[in-house]
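Chemist: Take this structure first; my questions come after.
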Amino acid sequence: MIVRMWEARAEPYGFTDLITWVCDTALPELEHDPLHLSSEVFSSTDHRVVVISKWRSNPRALPEPPAMLVARPPHSWDFTQVDR
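Residue numbers for the sequence shown follow the working numbering, beginning at -14 and rising by one.
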C-alpha cells in the first residue's frame, strides 16, 4: 500500500472554497480508480488542507486547484508502511 499526503495552503479568503473544491471536485476524480482504497481530508487553523489517500499502487495526483484559492502550489509526498 502507498499513502499519499497532499497539502495546500489556502489564501485566507479561499479556505472554505478550497475545502469544497477538494471534497466535491478533486476527490471524486480519484475515488473511482480501482487502485484507490480511501481518502481523508483534514484542515488546520493556519489555512492548510491535507488529503491522505491510500492506494494499492501507483497513486494518482490530485488535479491542480484553482490558483486563486491557494497561497502557493500544493506539495505531495508518498509513504509506505514500515515493518517493525
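Where is the CB? At the ideal position from N, CA and C, for every residue including glycine.
1. Considering D63, what are the terminal residues of the alpha helix (DSSP H) in which it resides?
2. Residues in its own chain within less than 8 angstroms of M53 by CB, not counting five upstream and five downstream?
3. Indicate the three-state DSSP secondary structure (helix, strand or coil) for L22 in the structure shown.
4. Which runs of the alpha helix (DSSP H) fall wholly inside the stretch -5 to 22 and span at least 4 residues, in chain order?
5. For R41, count the other beta carbons within 10 Å of its own beta carbon; 16 or more makes it buried, fewer makes it exposed. Which is it?
Modeler: The structure says:
1. Not the alpha helix (DSSP H): D63 falls in the beta strand (DSSP E), residues H60 to T65.
2. E(-4) and G(-1)
3. strand
4. 0 to 6 and 12 to 16
5. exposed
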